[in-house]
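J.:
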Amino acid sequence: MKHLVVNDYGTFLGIRDGMLAVRDKDKSEKLFPLNRLKSVSIAKRGISLSSDLVEHFSERGIKLFFLGFKGTCQAALIGSVRHGVVQTRMAQYRYTVSDTLPLAAKIIVAKIKNQRSVLSYFARHHKHDILEKAKDDLKEQAKRAKESKNMEELLGHEGVSARYYFNALKAAELFSSSFNGRIGRGSHEINNSMLNFGYAILSSYILAAIENAGLEPYLGVIHTQRPGKMSLVLDIMEEYRAWVVDRAVIKLRSQYHDLESLTPIIKQKLITEIHKTCEKKYPYHQGKLSLEHIIQRQVYRLSGCFAQQKTYRPYLFKW
Numbered sequence: 067m068k069h070l071v072v073n074d075y076g077t078f079l080g081i082r083d084g085m086l087a088v089r090d091k092d093k094s095e096k097l098f099p100l101n102r103l104k105s106v107s108i109a110k111r112g113i114s115l116s117s118d119l120v121e122h123f124s125e126r127g128i129k130l131f132f133l134g135f136k137g138t139c140q141a142a143l144i145g146s147v148r149h150g151v152v153q154t155r156m157a158q159y160r161y162t163v164s165d166t167l168p169l170a171a172k173i174i175v176a177k178i179k180n181q182r183s184v185l186s187y188f189a190r191h192h193k194h195d196i197l198e199k200a201k202d203d204l205k206e207q208a209k210r211a212k213e214s215k216n217m218e219e220l221l222g223h224e225g226v227s228a229r230y231y232f233n234a235l236k237a238a239e240l241f242s243s244s245f246n247g248r249i250g251r252g253s254h255e256i257n258n259s260m261l262n263f264g265y266a267i268l269s270s271y272i273l274a275a276i277e278n279a280g281l282e283p284y285l286g287v288i289h290t291q292r293p294g295k296m297s298l299v300l301d302i303m304e305e306y307r308a309w310v311v312d313r314a315v316i317k318l319r320s321q322y323h324d325l326e327s328l329t330p331i332i333k334q335k336l337i338t339e340i341h342k343t344c345e346k347k348y349p350y351h352q353g354k355l356s357l358e359h360i361i362q363r364q365v366y367r368l369s370g371c372f373a374q375q376k377t378y379r380p381y382l383f384k385w
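If you number the sequence shown the way our numbering does, the last residue is 385 and the count never jumps.
1. Measuring only the C-alpha atoms, how far is A141 from S259?
2. What are the residues that DSSP puts in a beta bridge with A87?
3. What is the DSSP secondary structure of H122, reduced to helix, strand or coil?
4. Go ahead and pull the three-state DSSP assignment for Q181.
5. Which residues bound the beta strand (DSSP E) around Q140?
6. Can you check DSSP and say which residues form a bridge with G353?
7. Under 9 angstroms between the Cβ atoms of L220 and A171?
8. Cα separation between P349 and K384?
9. In chain order, what residues of the same chain have a beta carbon less than 6 angstroms from the beta carbon of A157, not counting five sequence neighbours either side?
10. Put F383 into one of helix, strand or coil per three-state DSSP.
11. Exposed or buried, what is N73 when buried is set at 16 or more other beta-carbons lying within 10 Å of its beta-carbon?
12. Please report the straight-line C-alpha distance between P330 and S214, rounded to a whole angstrom.
13. Quick check on I276: does DSSP put it in helix, strand or coil?
14. So, for H122: in the same chain, excluding its five sequence neighbours on each side, which residues have a beta-carbon less than 6 angstroms away from its beta-carbon?
15. Let me make sure I understand the geometry here. Which of N257, A275, H289 and Q207 has the alpha-carbon closest to that of V311?
16. Does the Cβ of P99 have 16 or more other Cβ atoms within 10 Å, making it buried, or fewer, making it exposed?
17. Between which two residues does the alpha helix (DSSP H) containing I302 stretch?
18. Once DSSP output is grouped into helix, strand and coil, what is the label at H359?
19. Could you tell me how far apart the beta carbons of P128 and S105 are, in whole angstroms, since I believe they sit closer than 8 angstroms?
20. Quick check: the Cα distance between V175 and L119, rounded to an integer number of angstroms?
21. Beta carbon of I302, beta carbon of I144: below 9 angstroms?
22. Going by C-alpha to C-alpha distance, which of C139, N101, K110 and A109 sits closest to R126?
23. Can you list, in chain order, the residues of its chain whose CB lies under 7 angstroms from that of V184, leaving out five sequence neighbours each side?
24. In this structure, does DSSP put F245 in helix, strand or coil?
25. Where does the unbroken beta strand (DSSP E) through H223 begin, and where does it stop?
26. Can you tell me whether G247 is buried or exposed? The criterion is at least 16 other CB atoms within 10 Å of its CB, across all chains shown.
27. Enumerate in chain order the residues of its own chain whose CB-to-CB distance from Y75 is below 6 angstroms, with the five nearest sequence positions on each side excluded.
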């Protein structure tokens with residue numbers, strides 16, 4: 067147990083006997099040792115917690131995330147003990163007011179390549195010409211994105227790639243029949259609701275890594291800055307969305323295809339699938355690390371890039 071997600075209405079979170087106590091609306095209680103927790107995510111409205119919990123989490127460095135119904139991380143409790151943040155964020159600011167196109171292009175190209183890896187993953191057992199055609203299209207778009215002359219051109223290739231990708235998944239019937247294209251925040255269509263909820267879970271991993279590195283989550287290089295928008299979280303997520311979340315949703319399609327909306331049971335299954343992916347070990351340099359640790363290493367490398375000390379190389383999933 068490293069990351070706990072609470073998504074049942076009426077649940078209360080507190081501290082009892084030095085442990086996290088999670089009590090549901092029927093008064094059934096579960097206890098979790100604090101030394102086994104890295105984060106807790108609140109993924110439903112109507113969940114309450116005690117001030118004792120806030121104090122214990124802050125002292126122990128346990129992160130508390132509040133996930134919005136639109137598929138985003140709305141707020142976070144990180145704690146007040148921070149080291150080296152000022153210099154790190156000054157370097158980040160200096161970088162983001164300079165020419166960010168080269169870094170943005172690397173991230174978008176990696177996103178497209180990882181979308182292609184997802185198509186390759188499912189093409190093993192789903193022999194559809196549309197998947198092979200989309201793989202070729204994404205390969206070409208990745209090449210064009212790498213050669214983009216400005217941000218508008220880069221984002222154009224990203225958008226075209228997304229259409230190829232999601233249209234192929236739809237045509238290959240890898241989503242349930244109600245899927246008619248990708249819709250972001252606030253969608254009530256079940257496939258998009260699953261994707262949005264999954265992205266919110268992923269965002270908590272990304273935000274935790276950003277905070278550990280001392281970076282400013284609201285200051286990104288691709289997504290525009292506006293109040294309440296964690297631009298850097300969204301930027302970094304681009305590399306991992308397809309492999310971590312899209313695959314998980316597709317794997318569960320037979321279990322949610324008859325649903326009209328997300329249920330606590332299907333949410334928990336998606337949470338479990340994402341956590342399993344983040345705990346799984348993947349190749350990294352000369353060895354293997356859990357994906358959670360790879361994400362953290364990549365964010366530290368990004369911090370080094372902001373400080374002009376390291377070259378950022380996005381993580382690519384091989385298939």
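Beta carbons are placed, not taken as given, at the ideal position from N, Cα and C, and that holds for glycine.
T.: Short version:
1. 20 angstroms
2. G80 and L97
3. helix
4. helix
5. C139 to L143
6. Y350
7. yes
8. 9 angstroms
9. F372 and A373
10. coil
11. buried
12. 43 angstroms
13. helix
14. I81
15. N257
16. exposed
17. S297 to M303
18. helix
19. Checking the sequence shown, residue 128 turns out to be Ile, not Pro. Confirmed, about 7 angstroms.
20. 42 angstroms
21. no
22. N101
23. A308, W309, D312 and R313
24. coil
25. Careful: H223 lies outside any beta strand (DSSP E), inside the alpha helix (DSSP H) at M217 to A237.
26. exposed
27. K110 and G112
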